[in-house]
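Its first residue numbered 1, the sequence shown is counted upward by one per residue in UniProt numbering.
Cβ atoms here follow ideal geometry from the backbone N, Cα and C, with glycine treated the same way.
Here's the structure, in C-alpha cells; my notes come after.
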Amino acid sequence: ASKRKRPRKLDASVDVGDFELRNLALQTAHVPLPLLALQIKQLESDESGAPASEPSESHKLKEHKERQRNLFGMVWLINSCEHSPTAVVPRNRIYARYVQICADNSLTPLSPASFGKLVRILFPTLTTRRLGMRGQSKYHYCGIKLLGDQNQQAQQLHHVSGLGISTSGAHQVQSPISSTNSSISLDDSPITSSHIHTPSYTPINSPSIANSNSISDQLPLVSHLKHVANLDELLAGNSAEISNPNFPLQLPSIYPYLPRDIDYDIADTLYSLYKVHINSLFESLRYMQMKKLFSSFNNFNCTLTAPVFKLYTHESIIEWVKQCDLVMYKRMIRMLSKLQLQYQIPPEVLTQLKQISGGYVQALSNNLINNKVTKNFIIMKLKLAKNFVNFLNRLIKIIETGQSAAKILNDPNEKKSMVDDWMKLDIHEIISREIPCGEKNIEVLLQILNHDLLHMLTGSFTSSHDAEENDVSNEMMMQISNYISELPGKFNNINPRLFILLTSNLLTTCLREISLSSGQGFGAWWIVRCWIDEFLSWRFELGGLFQLDFS
Numbered sequence: 001a002s003k004r005k006r007p008r009k010l011d012a013s014v015d016v017g018d019f020e021l022r023n024l025a026l027q028t029a030h031v032p033l034p035l036l037a038l039q040i041k042q043l044e045s046d047e048s049g050a051p052a053s054e055p056s057e058s059h060k061l062k063e064h065k066e067r068q069r070n071l072f073g074m075v076w077l078i079n080s081c082e083h084s085p086t087a088v089v090p091r092n093r094i095y096a097r098y099v100q101i102c103a104d105n106s107l108t109p110l111s112p113a114s115f116g117k118l119v120r121i122l123f124p125t126l127t128t129r130r131l132g133m134r135g136q137s138k139y140h141y142c143g144i145k146l147l148g149d150q151n152q153q154a155q156q157l158h159h160v161s162g163l164g165i166s167t168s169g170a171h172q173v174q175s176p177i178s179s180t181n182s183s184i185s186l187d188d189s190p191i192t193s194s195h196i197h198t199p200s201y202t203p204i205n206s207p208s209i210a211n212s213n214s215i216s217d218q219l220p221l222v223s224h225l226k227h228v229a230n231l232d233e234l235l236a237g238n239s240a241e242i243s244n245p246n247f248p249l250q251l252p253s254i255y256p257y258l259p260r261d262i263d264y265d266i267a268d269t270l271y272s273l274y275k276v277h278i279n280s281l282f283e284s285l286r287y288m289q290m291k292k293l294f295s296s297f298n299n300f301n302c303t304l305t306a307p308v309f310k311l312y313t314h315e316s317i318i319e320w321v322k323q324c325d326l327v328m329y330k331r332m333i334r335m336l337s338k339l340q341l342q343y344q345i346p347p348e349v350l351t352q353l354k355q356i357s358g359g360y361v362q363a364l365s366n367n368l369i370n371n372k373v374t375k376n377f378i379i380m381k382l383k384l385a386k387n388f389v390n391f392l393n394r395l396i397k398i399i400e401t402g403q404s405a406a407k408i409l410n411d412p413n414e415k416k417s418m419v420d421d422w423m424k425l426d427i428h429e430i431i432s433r434e435i436p437c438g439e440k441n442i443e444v445l446l447q448i449l450n451h452d453l454l455h456m457l458t459g460s461f462t463s464s465h466d467a468e469e470n471d472v473s474n475e476m477m478m479q480i481s482n483y484i485s486e487l488p489g490k491f492n493n494i495n496p497r498l499f500i501l502l503t504s505n506l507l508t509t510c511l512r513e514i515s516l517s518s519g520q521g522f523g524a525w526w527i528v529r530c531w532i533d534e535f536l537s538w539r540f541e542l543g544g545l546f547q548l549d550f551s
C-alpha cells in the first residue's frame, strides 16, 4: 500500500523570506493585476536601460523584478484559489490559468517549479497525489479549489464543440479557422496538418534541410505581388487592435488543430505561453531591444515543460504555429512600414535594423538546432522568418536609396540637370520600341513621362516661407512616393511582376540614352531610379501580403 504524503511542515528559520512574501501578497491582494503587471514592465524597462558599468544596480533591479513577479503570481493565487479540504484540482490546470493571466497582461510567467513553490507557501497544508487511470494519470493538488473552474471548463467545452471538435478531443476540423489576422500566407505551399504517428527528426544542418528549396532565399512569387489602392490609408485605419502597436497580438484558436486525446490544460498553457512569446518578440522589435530579441527564442523554450513542448512540436500543431507567426510578422511589417518615408531616420536605428536582418534567421536557426523538432516544423519556422527578413531588407534599401534621392531632389541644380536631360529624350520613340502595349496605354505613358514627371521635378513643394530644408525634402518625397504608389492603378489588369520589369526596362533605356548623349544629370537620374525600383517593388510586395485583409 502506498503511503499517504504528509502535509509539508514549515521551517521558520528557512522560509522567513517566503513568509514576508506571503504577508506582502495578502496586503496587496486588493491591487488590480494589470497595475502589478505595469510595475513589472517598468522594472524590465529600467533593467534593460541600466548602464553596463554598474552591474550592482542591474543586479538589484533584477532581484526586485523577480520579487514583483512572485508577488504577481501569489496575488493571483489569493484571488483565484481557496482552501478546501475535500477539493482536488489538476496541478497543470492551476498553472494553465496562471499562464493565461500572464499572457493577458503581456508578462513572462514563472516556471512551473517556481510557481509550485508559491502554491505551497500560500497553502502549506495541501498534498500532491497522482490520480487517474494507468497511463493517463496526472498530478493533482488536494486541499485547494480553483475558483470559477467549473464555469471556465463549461465555456471551454462549449467553445470546442462550437468549432466542431468532440469533447473527447478527436481532431475533426480538417481546415484552419478563418482569421482576419492571417489572411495570406508568406508561404507558397501550405503545410498540411496531417497526423504523422512516427515523426522523423532531422538535424537542421543535414543535407536534406540545407538543400531544401522551400527554405532557400528567393524573391516573392508572382502571387505575392499585388497593387492595392490607398494601401497606406488602409493599413493605418484597418482596425485599431491590428494597426495600433499598443494592443497585444491576438492568436487564432488552438483547438481546431489539437491532436486526439490531448489534455486541454496543456493546450491552454501552450496557447498562453506562445502568446507571451510572440508579443515579447514584437515588443523587442518595437523598442529595438536587440539583446532581448535574440534571446527570446531560448527563453521561450525554457518555459516549456516536456508535455507542452511535445504538443508544440506535434505535426498537427504546425499549422497553428504558422498562423500565429504570420499574425506576428504581419504586425511587425505593418509597424515597420511607417519608416518607408522617414529619410531622416537616425543612423543608429538603421544600424539596428541591419543587425536584425543579418542575425534574426541565424538566431532562430541556432535555437532549432538544439531542439528535437520535425523537418516540417523547421522548414515552416525558417521560411516565414526568411520572408520577414526579405521584407526588412527591402525596407532598408528604400530608406538608404531614399536618403540619397531626397538629397538629389532637394537640390535645384541637380533637378535642372535632370529636367534638361529628360527634355532631350524622344519619349514616344522609346515607348514604342521598349514597351509592348496598346494605344490607350501609350497615351497614359506619354502623359506620365512628358507631363506628370516634369511637373513633379519643376513644381514647388515648399508649404510655407519659413519651412526648413528637411520639411521641404520630406514633403517632396511624400508627394512623389504617393504618385508612384498609385501609378499601377492607371493601367487595367496589369501583372505586377511584368509592371516592375517593364518599368525597370524603360528607366534603363532612358538612362542609356542620357549616358550616350553625355547628359549632366545621369548620376542624379541613376540615384533616383534606384529608389524608384526599390519603392515600387516594396509597394507590390506589401500589397500582396495584406491584399486579403482589405478584400
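> Should the region 528-542 be regarded as contacting the region 429-448, the criterion being three or more beta carbon pairs within less than 8 Å?
Replying inline: no
> Should P488 go down as buried or exposed, given a rule of 16 or more other Cβ atoms within 10 Å for buried?
Replying inline: For this step, residue 488 is matched to residue 488 along the sequence shown. When all chains shown are included, P488 counts as buried.
> Can you pull the DSSP bridge partners for T125?
Replying inline: For the purposes of this step, residue 125 is taken as residue 125 along the sequence shown, with counting starting at 1. Its beta-bridge partners do not exist; DSSP assigns none.
> Which two residues bound the contiguous alpha helix (DSSP H) that contains G543?
Replying inline: Taking the first residue of the sequence shown as position 1, residue 543 is located at position 543. From DSSP, the alpha helix (DSSP H) with G543 extends over F522 to F546.
>> Quick check: what's the CA-CA separation for K407 versus Y360?
In response: Position 407 of the sequence shown, counted from the start, is the residue given in the question as residue 407. Position 360 of the sequence shown, counted from the start, is the residue given in the question as residue 360. Those two C-alpha atoms are separated by around 31 Å.
> What residue does the beta strand (DSSP E) around C81 start on, and which one ends it?
Replying inline: Counting from one through the sequence shown, the residue named residue 81 turns up at place 81. Note, C81: beta strand (DSSP E), C81 to P90.
>> Please list the terminal residues of the continuous alpha helix (DSSP H) segment that includes K322.
In response: Reading the sequence shown from its first residue, position 322 is the one you call residue 322. Counting along the chain, the alpha helix (DSSP H) containing K322 begins and ends at I318 to L336.
>> Once DSSP output is grouped into helix, strand and coil, what is the label at C437?
In response: Working through the sequence shown from its first residue, we reach residue 437 at position 437. Residue state, collapsed to three classes: coil.
>> Once DSSP output is grouped into helix, strand and coil, what is the label at T198?
In response: Numbered from 1 along the sequence shown, position 198 holds the residue referred to as residue 198. With a pLDDT of 34 at T198, under the threshold of 50, the predicted position of this residue should be treated as unreliable, though the coordinate-derived value follows. Three-state result, T198: coil.
>> In the DSSP output, what is Y139 paired with across the bridge?
In response: Residue numbering aside, residue 139 sits at position 139 when the sequence shown is read from its first letter. According to DSSP, Y139 bridges with R130.
>> What does DSSP give as the partner residue(s) for K145 in the beta ladder?
In response: Sequence index remark: in the sequence shown, residue 145 carries index 145 (1-based). Its beta-bridge partners are E82.
> From L285 to L453, what distance separates their C-alpha atoms?
Replying inline: Here residue 285 refers to the residue found at position 285 of the sequence shown. Here residue 453 refers to the residue found at position 453 of the sequence shown. Answer to the nearest angstrom: the Cα atoms are 37 Å apart.
> What span of residues does the alpha helix (DSSP H) with D421 cover, start to end?
Replying inline: Position 421 of the sequence shown, counting from 1, holds the residue named residue 421. Segment P412 to M423, the alpha helix (DSSP H) holding D421.
> How big is the Cα-Cα spacing for H64 and Q289?
Replying inline: In the sequence shown, the residue the question calls residue 64 occupies position 64. In the sequence shown, the residue the question calls residue 289 occupies position 289. The straight-line gap from Cα to Cα measures roughly 20 Å.
> Would A96 be called buried (16 or more neighbouring beta carbons within 10 Å of its own) or exposed?
Replying inline: Sequence index remark: in the sequence shown, residue 96 carries index 96 (1-based). That one is buried.
> Among residues of its own chain, excluding the 5 on either side of N367, which ones have a beta-carbon nearer than 8 Å to its beta-carbon?
Replying inline: In the sequence shown, counting from the first residue as 1, residue 367 sits at position 367. Within the same chain, N367 has close Cβ partners F297, N298 and N301.
> Between K330 and K354, what straight-line distance do the alpha-carbon atoms span, to the nearest angstrom?
Replying inline: As a first step, residue 330 is located in the sequence shown; it is residue number 330 there, counting from the start. As a first step, residue 354 is located in the sequence shown; it is residue number 354 there, counting from the start. Distance between the alpha carbons of K330 and K354 is about 19 Å.
>> So for T374, helix, strand or coil by DSSP?
In response: Within the sequence shown, residue 374 is the residue found at index 374, counting from 1. In this structure, T374 counts as strand in the three-state DSSP scheme.
>> Could you compute how far the alpha carbon of L186 sits from the alpha carbon of R129?
In response: Residue mapping note: residue 186 aligns to position 186 of the sequence shown, counting from 1. Residue mapping note: residue 129 aligns to position 129 of the sequence shown, counting from 1. Residue placement at L186 is poorly supported in this model, since its pLDDT is 45, which falls under 50; the coordinates still yield a value, given next. Near 47 Å, if we compare the C-alpha coordinates of R129 and L186.
> Which value, in whole angstroms, describes the spacing of the CA atoms of P124 and V31?
Replying inline: Translated into positions along the sequence shown, residue 124 becomes position 124. Translated into positions along the sequence shown, residue 31 becomes position 31. Taking the straight line joining both Cα atoms gives about 24 Å.
> If you run the structure through DSSP and keep just helix, strand and coil, what is T305?
Replying inline: In the sequence shown, residue 305 corresponds to position 305, counting from 1. Coil at T305, not helix or strand.
> Could you give the distance in angstroms between the alpha-carbon of E486 and the alpha-carbon of W526?
Replying inline: Here residue 486 is taken as the residue at index 486 of the sequence shown, counted from 1. Here residue 526 is taken as the residue at index 526 of the sequence shown, counted from 1. C-alpha separation (whole angstroms): 22 Å.
> What's the C-alpha gap between D549 and G402?
Replying inline: If you number the sequence shown from 1, residue 549 lands on position 549. If you number the sequence shown from 1, residue 402 lands on position 402. Taking the straight line from one Cα to the other gives about 28 Å.
> Hey, I144 and C102 are a contact pair by Cβ (cut 8 Å); roughly how many whole angstroms apart?
Replying inline: Position 144 of the sequence shown, counting from 1, holds the residue named residue 144. Position 102 of the sequence shown, counting from 1, holds the residue named residue 102. Going by Cβ atoms, the distance from I144 to C102 rounds to 20 Å, so no, they are not a contact pair.
>> Assuming L341 and M477 are in contact, meaning their beta carbons sit under 8 Å apart, how far apart are those beta carbons, in whole angstroms?
In response: One-based indexing of the sequence shown puts residue 341 at position 341. One-based indexing of the sequence shown puts residue 477 at position 477. So it is a contact: roughly 6 Å between Cβ atoms.
> Where do the N-terminal and C-terminal ends of the alpha helix (DSSP H) with N366 fall, by residue?
Replying inline: Translated into positions along the sequence shown, residue 366 becomes position 366. Looking at the DSSP string, the run of the alpha helix (DSSP H) that includes N366 is P347 to I369.
> Taking buried to mean at least 16 other C-beta atoms within 10 Å of its own C-beta, is Y274 buried or exposed?
Replying inline: The residue labelled residue 274 in the question sits at position 274 within the sequence shown. Buried, because 16 or more other Cβ atoms sit within 10 Å of the Cβ of Y274.
> Are three or more beta carbon pairs between the region 306-323 and the region 258-276 nearer than 8 Å?
Replying inline: yes
> Taking the continuous alpha helix (DSSP H) assigned at K275, which residues delimit it?
Replying inline: As a working note, residue 275 is residue 275 in the sequence shown. That run of the alpha helix (DSSP H) goes Y264 to R286.
>> Checking 7 Å against the spacing of the C-beta atoms, do L336 and L395 come in under that value?
In response: Taking the sequence shown and counting its residues from 1, one reaches residue 336 at position 336. Taking the sequence shown and counting its residues from 1, one reaches residue 395 at position 395. Taking 7 Å as the Cβ cut-off, L336 and L395 qualify as a contacting pair.
>> Using CA atoms only, rank isn't needed, just tell me which of W422, N371, T503 and P85 is closest to K310.
In response: Start at 1 with the first residue of the sequence shown, and residue 310 comes out as number 310. Checking every option, the nearest Cα to that of K310 belongs to N371.
> From this set, L77, M74, G73 and S45, which residue's C-alpha is nearest K62's C-alpha?
Replying inline: Here residue 62 refers to the residue found at position 62 of the sequence shown. Closest option to K62, Cα to Cα, is S45.
>> The alpha helix (DSSP H) that contains T508, what's its start and end?
In response: The count along the sequence shown starts at 1 and reaches residue 508 at position 508. Residues P496 to L516.
> When burial is assigned at 16 or more other CB atoms within 10 Å of the CB, is Y141 buried or exposed?
Replying inline: Start at 1 with the first residue of the sequence shown, and residue 141 comes out as number 141. Classification of Y141: buried, given that the 10 Å Cβ count is 16 or more.
> Using DSSP with H/G/I as helix, E/B as strand and the rest coil, what is Y95?
Replying inline: In the sequence shown, residue 95 corresponds to position 95, counting from 1. Note: Y95 maps to helix in three-state DSSP.
>> Can you confirm whether the region 491-510 touches the region 404-419 when touching is taken to mean that 3 or more C-beta pairs between the two stretches lie within less than 8 Å?
In response: no
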